[in-house]
Structures are given as C-alpha cells and as structure tokens.
Amino acid sequence: MGQSGLPTCTIHSNTGIIGQYSGISRGKVRNFEPLKVELAYGDGRLPLELPEERSTVITPTFRTALPDAARALHKASRAPINSGPLREIARKNQRVAISICDVTRAQPQQLMVRSILDELEGVIRPGDVTILIATGTHRANTEDEVRGMLGDEIASACRVVNHVARDESSLDDLGVIGNGVPVKLNREWTGADLRITTGFVEPHFFAGFSGGPKMVAPGLAGIDTVLKLHDASRIGHPNATWGVIEGNPVHDDVRAIARAAPPDFSVDVLLNSDQQVTAVYAGELFAMHAAACAQAKLDSMQAIARPFDLVITSNSGYPLDQNLYQAVKGMSAAARVVRPGGLIVCAAECRDGIPNHGSYSSILTSQPDPPSLLEMIETSGYSEPDQWQVQIQAKIQMGARVLVKSDRLSESQLNAAHFETIDDIQSVIDAAGSDASICVLPEGPQTIPFIG
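In our numbering, the protein residues as written are 308 to 759.
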C-alpha cells in the first residue's frame, strides 16, 4: 500500500492485471514512461500508449497451449467425466449428430470433430455423421466458411447442415419446457441415435458461460424458442450476466431444454488469447461443463477496486469483432467497470458490417435514441429477433458515452446505431485529462472485470 492508503502501481502477471492505477500523490512530481499496449483488432493489433501512473490494463490469465491438443482430446474422450468412453457409447449403424459453433466463434472445429471421428472409426461410418452448425439465429455459413472451419476432408466425408431457426419444416416440437419456453429443436438433432456437442467455454454476457448446453439451445433451437429465451424480462434480470449460471433465468431454461434432448457425449475446450487450446473437458454434459466453467472463471474474470473514467476495449479481434452486433459483448465487458457517465471506447473491425442480416440494424434505427429503444423493447408483447443485443446496448449507452473505432463502418452507419465514432483512439487517451483514470481490455471480453 502507498502512504495514501491506496494500492500502489504494480505489475501482477499472474492475475492478468498489468499496471493498476492508485491515484496521484499530491505535491510530488514523478516522470513515468508510457505504458504500451496493443488492442486485438481484426487479424492484427492497434498500438496505444497510456499514462502508466493512472492506467490499468487487464488481460486474461495467460495459460500456455497444451503441447498436443489432439492427444488431449483423445485422452479426455477415453477417460471422460461422469460418462463411459465415447467409443464404448457408440454402436454400429447409428446416425450421429455433432453440434459445432458457427464461424463467429473461435472454436477449433476441425481439431475437435477430427478427434471425435477418430474415436468412432470402425464403429461409425463418416457418411452416417451429420455435423450441425449451431447458428442459433445467425446467418447460414457459406461453403467456403464451412471448409475453412472443418477442412476439406471432413466437409466432404460428412453431411454438414446449417441450422435455420426460421425453417419450421426442419424442427421438432418438444412442447413447453422450463419457465414457459415453447421448445422446437432441429430434427437432425432430435432424430439422431448418438448426439454429441462440441464447443468452447468462456464467460457470456447474459447466459453466464458459453459452450455446454448452449450447443443445444439456442444453438439448434427454433426462432420462437430463441425469442422466449432472450425476452426482455430474462435479459433484464440482474443474474443474466457474465459468469452466472445458477439463478440466471436464461441459463436455467437453456439447461432445462438440453435435458429434454440431451447429448450422449459432450466435449468443450478452453482457449487462450492466441486461440490455442489450454484445457479439454469431455463426458456428461453438465458435469464436464461445470468443470470447464470453474476454470474459465479463474482464467477470465478479474476483480477491480473501483470504476474508471475511461474504459477502452477491443472485441477480441477476428472472428468475434466481425460485426457491430458481436461488438456489444466488448462494450458489455467495459461497462462493468466504467463510472456512471464515463466513456467507453470499443475497437471492432466489423468486416461483416452491422451486419445486414437479422433484425439488429432495423431495430436500432426504428427509434431516435437508446432510452426510446429500451422503452419499446420492454413494452409487453414486443418480440423481435436480436432485440436482446439492442436491449443490452441501450442500457450500456444510457450509463456511459460509447465511441466505436471501426475501419469497415462509416460514420453515418455508426451514428444510425446511436454510436459516436473515433478514428484515432490515442487522441481520446491524450485528451482525457490529467486526472482521468483509464482501464484497457486489450483482449476485450476474453477478460471480464468486475467491481469487488
């Protein structure tokens, strides 16, 4: 502790906090070298220089990649959590469905699916395997994207199906589940003899954590199911936030749906900021997901003593920063530690635009400002796809100014989405004032700070 009783400026490499602001001692003049950081942005980085004496940089606890991720996946499938080995569960001539993330997620799909196919070799024919891209309400992935995710060999050997939430003919009706959720799931999933989920686990801004049961719903759910899971009352609940599962109304119903059409086997991984596999979990869905979430929380969530005047965040670079819709996640992470009325700057390349698909853009432009958007969404009976993203964005904007740095979106596009624009983030830092406290999240929502 410093003489003032405040924490001194220190470096904590094990916690992911690189330089914690303590305030400035009165009556003393000190010379500080700029603290240099780089924001993840698209496929590259944006360099910044910070005033070290009043800046805090928060990064994920970096864990080195597993020396042989493929071997670790095989080992986990053969010694799973609360389950028999995958190969012993499978039976000849079964129809297999494997749920994977879509192109907006950093999941190592090819590595994970290859491991499963290797485990099933000699028992299940590749032609009897359907790989379901759990798009939720996202757009279908293109053939080039599918081959990029899975590789030519897997994409050619197995059926690959984009889930389409609005295609009623592809859905099975499971009735009402959980807290009044009308559930329809992809028939390729419900009709399979052997169901397997694959995913990766990180904190999620309203579902608590990704991976696990989310690879069933909303990943493979019909549009009405997704809308109910993401309605205004659930999204507005205080427990619908980063790192909370139990008592989170979104995740409670997600788990209930997954129990109604459960996977026979599940595999999740953890990734570091270089998108390398650091841990593998396999076995019974809920047991393996709980173990993965516990480690992800240790790696990705950081306690901070007080809020900041200025919080600068990325959206973790590509693929997560490919559009403005996804960039709300980075803003949400920053909003947890910005002071009321403070400033958030979000750097997101947005090579996929707003995007043009979905209802996010049309909802944003339907009202003149964030308060009007929130009032509309919270009106009884209002229900539109993507309203949840707008609801979260509007709440953030009602508490802080939000500036967006994007080389792929015009000023008019960002203004229509109710954002201010910035070309040079360094200029914001330089203009912040000599007393402004600054926090930077270089990897965006890969690190979730909280006041505590």
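Glycine included, each C-beta is placed from N, C-alpha and C at the ideal position.
| Item | Value |
| --- | --- |
| Bridge-paired residues (DSSP) for S362 | I745 |
| From A738, I564 and S639, residue whose alpha carbon lies closest to that of G751 | S639 |
| Contact under 9 Å by Cβ, V490 with D480 | yes |
| Paired residues, beta bridge with S573 - DSSP | T504 and G590 |
| Rounded separation between N338 and R361 - CA only | Interpretation of N338 is limited by its pLDDT of 42, a score under 50 that renders its predicted location unreliable; the figure taken from the coordinates is listed afterwards. Going by the C-alpha atoms only, they are around 12 Å apart. |
| Straight-line Cα distance separating D731 from D737 | 10 Å |
| Per DSSP, the bridge partner or partners of K712 | A654 |
| Neighbour-count burial assignment, E656, 16 or more Cβ in a 10 Å radius | buried |
| Status (buried if at least 16 other CB within 10 Å, exposed otherwise) for D659 | buried |
| C-beta contact flag for L501 and F593 at 9 Å | no |
| Whole-angstrom distance between I755 and T532, CA atom to CA atom | 28 Å |
| Cβ-Cβ separation, N630 to I661 (assumed contact under 8 Å), whole Å | 6 Å |
| Neighbourhood of P409 by C-beta distance below 6 Å, restricted to the same chain and skipping five residues each side | For the record, residue 409 in the displayed sequence is Asp; it is not Pro. Cβ within range, chain order: I440, T442, H445 and N448. |
| Cβ shell of Q753 (< 6 Å), same chain only, five flanking positions each side left out | P367, S580 and S623 |
| Contacting residues, own chain, Cβ-Cβ under 7 Å from A377 (five flanking each side not counted) | L418 and S422 |
| Whole-number beta carbon distance between A413 and L578, since they are thought to touch under 8 Å | 6 Å |
| Cβ neighbours of H511 in the same chain (closer than 6 Å, five flanking residues each side left out) | S517 |
| Inter-residue spacing [alpha-carbon to alpha-carbon] between R562 and W695 | 19 Å |
| Per-residue DSSP class, three states only, for E460 | helix |
| Cβ-based burial, D459 [other Cβ within 10 Å; buried from 16] | exposed |
| Contact between the stretch 484-498 and the stretch 521-536 (3+ Cβ pairs under 8 Å) | yes |
| Local conformation of P677 per DSSP, three classes | helix |
| Straight-line Cα distance separating Q633 from S669 | 16 Å |
| Cβ neighbour criterion (16 or more within 10 Å) applied to M763 | For residue 763 there is no data in the structure shown, the boundaries of the chain being 308 and 759. |
| Limits of the unbroken beta strand (DSSP E) element including S621 | F615 to S621 |
| Option nearest D628 by Cα separation, candidates L342, L427, Y348 and P341 | Y348 |
| Contact belief for F615 with V635 at Cβ below 8 Å, rounded distance in angstroms | So it is not a contact: roughly 19 Å between Cβ atoms. |
| Enclosing beta strand (DSSP E) for K382 [first to last residue] | From DSSP, K382 is part of no beta strand (DSSP E) but of the alpha helix (DSSP H) over A376 to R385. |
| Own chain, CB closer than 6 Å to A739, minus 5 neighbours either side, in chain order | L617 |
| Element boundaries [alpha helix (DSSP H), containing E718] | E718 to A723 |
| Contact check, T585 vs R370, beta carbons under 9 Å | yes |
| Anticipated Cβ contact below 8 Å, H544 with G515, distance rounded | So it is not a contact: roughly 11 Å between Cβ atoms. |
| Sequence ranges, alpha helix (DSSP H) only - wholly within the stretch 432-482, length at least 4 | 450-457 and 459-464 |
| Nearest residue (CA-CA) to E553, options A404, A601 and V468 | A601 |
| Three-state secondary structure (DSSP) of P763 | There is no way to answer for residue 763, as the model of the chain reaches only from 308 to 759. |
| Exposed unless 16 or more other CB atoms sit within 10 angstroms - verdict on S390 | buried |
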